[in-house]
Amino acid sequence: MSGHHTPQGSPFAPHTATDTEAMLDAVGVETEAELFDIPDSVRFDGEFGIEPRSERAIRAEVAQTVEKNDDLVELLGRGHYSHYVPSLVDHLSLRSEFLTSYTQYQPEVTQGFLQALFEYQSLLVELTGLGVANCSMYDAATALGEAATLADRLRQTSGTRVLVPEQLADGRREVLANYVGGTDLVVEAYPMDDGNVDVEALGNALDDEAVMVYAENPTVRGCVEESLETVGDLAHDNDALFCLGSDPVSLALLQEPASVGADVVVGAAAVLGLPTSYGMGMGLFATREEYVRQVPGRLVGASTDDTGRRTYTLTLQTREQHIRRERATSNICTNQAWVALRAAIHAASLGPDGLADLATEAVTDAQELADRVTEVVGVKAPVHDRHHVREFVARTDQPAPAVAADLEDEGYAVHVLGEHQIQLNANALAEGEVDEFVDALAEVAR
Numbered sequence: 439m440s441g442h443h444t445p446q447g448s449p450f451a452p453h454t455a456t457d458t459e460a461m462l463d464a465v466g467v468e469t470e471a472e473l474f475d476i477p478d479s480v481r482f483d484g485e486f487g488i489e490p491r492s493e494r495a496i497r498a499e500v501a502q503t504v505e506k507n508d509d510l511v512e513l514l515g516r517g518h519y520s521h522y523v524p525s526l527v528d529h530l531s532l533r534s535e536f537l538t539s540y541t542q543y544q545p546e547v548t549q550g551f552l553q554a555l556f557e558y559q560s561l562l563v564e565l566t567g568l569g570v571a572n573c574s575m576y577d578a579a580t581a582l583g584e585a586a587t588l589a590d591r592l593r594q595t596s597g598t599r600v601l602v603p604e605q606l607a608d609g610r611r612e613v614l615a616n617y618v619g620g621t622d623l624v625v626e627a628y629p630m631d632d633g634n635v636d637v638e639a640l641g642n643a644l645d646d647e648a649v650m651v652y653a654e655n656p657t658v659r660g661c662v663e664e665s666l667e668t669v670g671d672l673a674h675d676n677d678a679l680f681c682l683g684s685d686p687v688s689l690a691l692l693q694e695p696a697s698v699g700a701d702v703v704v705g706a707a708a709v710l711g712l713p714t715s716y717g718m719g720m721g722l723f724a725t726r727e728e729y730v731r732q733v734p735g736r737l738v739g740a741s742t743d744d745t746g747r748r749t750y751t752l753t754l755q756t757r758e759q760h761i762r763r764e765r766a767t768s769n770i771c772t773n774q775a776w777v778a779l780r781a782a783i784h785a786a787s788l789g790p791d792g793l794a795d796l797a798t799e800a801v802t803d804a805q806e807l808a809d810r811v812t813e814v815v816g817v818k819a820p821v822h823d824r825h826h827v828r829e830f831v832a833r834t835d836q837p838a839p840a841v842a843a844d845l846e847d848e849g850y851a852v853h854v855l856g857e858h859q860i861q862l863n864a865n866a867l868a869e870g871e872v873d874e875f876v877d878a879l880a881e882v883a884r
């Protein structure tokens with residue numbers, strides 16, 4: 439070898455100095471910096487302005503910062519739940535093959551991950567009774583937005599109205615409105631009656647301009663919806679799609695969406711695999727097989743290779759990154775593959791019976807907490823005379839904001855819904871913690 443060394447770059451930046459010089463000469467500049475117009479106010483000057491410290495000092499500072507967070511038991515619910523996640527989920531999903539994996543574009547090297555995503559899709563197909571599920575969305579709100587635009591694409595005649603219940607999780611209607619902002623669709627709310635759909639009011643609100651009707655089971659207030667078949671019939675009688683919001687745990691116990699006429703099912707799938715994660719979640723999206731080419735996001739399909747072995751690959755990718763923009767169904771650019779993996783592992787570890795048991799506990803825990811809460815002087819629960827999943831609304835004689843503030847001082851966070859209503863998520867209390875919470879509520883509710 440000669441004494442002159444020519445840098446060979448790296449797998450991530452393979453250009454040598456000679457390569458770079460030739461490219462700069464071709465575009466008529468002398469340095470890479472000339473290719474960028476970066477204001478002096480934000481241009482890196484070579485100094486971060488961060489005082490060097492030892493690892494030990496930094497760890498101590500971070501620990502002090504974290505200790506400033508409130509240590510509250512969160513009975514917030516309304517889409518944020520804390521089902522116990524088995525340690526198996528962490529041990530498997532944190533393997534580097536999964537944790538550092540990028541999108542599974544190369545099926546020849548990602549069969550394991552693709553199979554896990556296929557199993558996740560299969561779980562949702564079984565729970566919903568519908569023919570196809572994608573391998574996740576960002577969250578329930580974006581899944582609802584995609585359902586509305588799917589309904590708009592399928593509509594064979596005119597129509598612009600998307601009807602949703604007046605009681606929705608925070609931000610869900612706003613995200614839906616953003617989604618339909620570039621279309622002719624308009625979002626309208628229909629009334630609720632004692633925590634369920636006001637069927638008569640919905641019937642009066644529907645006409646041939648309706649594109650989609652959205653309902654939830656359980657509702658945002660935890661109520662089991664008792665009129666799903668009627669809602670589905672009303673939607674279909676007006677040539678509208680029926681979209682149902684739910685989650686994989688509840689679906690293990692409640693009515694199968696396909697059996698009540700649901701055309702699309704959306705919701706929060708991160709009730710499996712994740713604890714409350716403050717922003718990170720995962721949306722589910724399932725629909726009828728005849729709509730498969732309208733499904734947004736990614737689908738994992740099963741096939742066979744040239745030796746006859748079962749294989750998996752991404753298929754029917756209809757986002758604008760892959761096909762012509764005018765033919766794309768959605769511009770959603772990713773999915774929650776790692777979270778879907780965790781959900782699949784969690785579901786597999788539970789098995790069908792274990793998943794149904796978890797859903798049953800969500801019902802019985804809510805009922806038992808409501809029974810205990812209503813024994814407290816100055817509190818009545820539940821407000822709605824319905825069956826509940828995980829959570830319920832309670833009425834307080836004292837102003838609800840004051841009760842919530844006093845509960846926070848006692849170490850508990852609850853939702854305030856009105857002047858005299860709070861919402862409680864029984865799922866947040868482990869066995870043995872109910873007595874302590876009831877005692878704290880009795881102390882502040884008098």
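Each residue of the sequence shown is one higher than the one before, starting from 439 at the first, in my numbering. Cβ atoms here follow ideal geometry from the backbone N, Cα and C, with glycine treated the same way.
Given a cut-off of 9 Å, decide if residue j and residue i are closer than it, judged by their beta-carbon atoms.
| i | j | result |
| --- | --- | --- |
| Tyr-522 | Asn-863 | no |
| Arg-828 | Glu-664 | no |
| Leu-816 | Gln-836 | Reading the sequence as shown, one finds Gly at residue 816 and not Leu. Going by C-beta atoms, Gly-816 is nearer than 9 Å to Gln-836. |
| His-853 | Leu-614 | no |
| Gly-705 | Leu-722 | yes |
| Val-882 | Leu-855 | no |
| Val-618 | Val-625 | yes |
| Ala-832 | Ala-808 | yes |
| Gly-660 | Gln-861 | yes |
| Asp-671 | Gly-699 | yes |
| Gly-739 | Tyr-729 | no |
Could you tell me which residues DSSP puts in a beta bridge with residue i?
| i | result |
| --- | --- |
| Glu-829 | Asn-863 |
| Thr-714 | BP columns for Thr-714 are empty, so no partner. |
| Thr-753 | Leu-737 |
| Pro-603 | Tyr-628 |
| Tyr-850 | Val-511 |
| Tyr-652 | Cys-681 |
How about residue i: is its Cβ closer than 8 Å to a heavy atom in the ligand ZN?
| i | result |
| --- | --- |
| Ile-783 | This structure simply doesn't include the ligand ZN, nor any ligand for that matter. |
From the DSSP output, in three-state form, read off residue i for me.
| i | result |
| --- | --- |
| Gly-641 | helix |
| Arg-516 | coil |
| Asn-616 | helix |
| Leu-737 | strand |
| Tyr-729 | helix |
| Leu-886 | Only positions 439 to 884 of the chain appear in the structure, and residue 886 is not among them; the question remains open. |
| Val-814 | coil |
| His-858 | coil |
| Gly-721 | strand |
| Ala-586 | helix |
| Ala-700 | coil |
| Arg-659 | coil |
Give the straight-line distance between the Cα atoms of residue i and residue j, rounded to the nearest whole angstrom.
| i | j | result |
| --- | --- | --- |
| Val-563 | Glu-694 | 10 Å |
| Ala-786 | Leu-565 | 13 Å |
| Glu-512 | Ala-851 | 5 Å |
| Thr-798 | Arg-516 | 18 Å |
| Pro-734 | Arg-593 | 16 Å |
| Asp-631 | Glu-806 | 24 Å |
| Ala-840 | Ala-880 | 13 Å |
| Leu-462 | Trp-776 | 40 Å |
| Val-467 | Gly-597 | 56 Å |
| Pro-490 | Val-500 | 15 Å |
| Arg-610 | Thr-668 | 24 Å |
| Ala-724 | Val-872 | 36 Å |
| Leu-900 | Leu-710 | Here the chain covers residues 439 to 884 and nothing more, so residue 900 does not appear. |
| Pro-790 | Pro-603 | 31 Å |
*Entirely within the segment 492-552 and at least 4 residues each: give me those alpha helix (DSSP H) ranges in chain order.*
493-504, 525-531, 534-537
*Along the chain, which unbroken stretches of the alpha helix (DSSP H) at least 4 residues long are found entirely within the segment 468-495?*
none
*At what residue ranges does the segment 778-815 contain a whole run of the alpha helix (DSSP H), taking only runs of 4 or more?*
none
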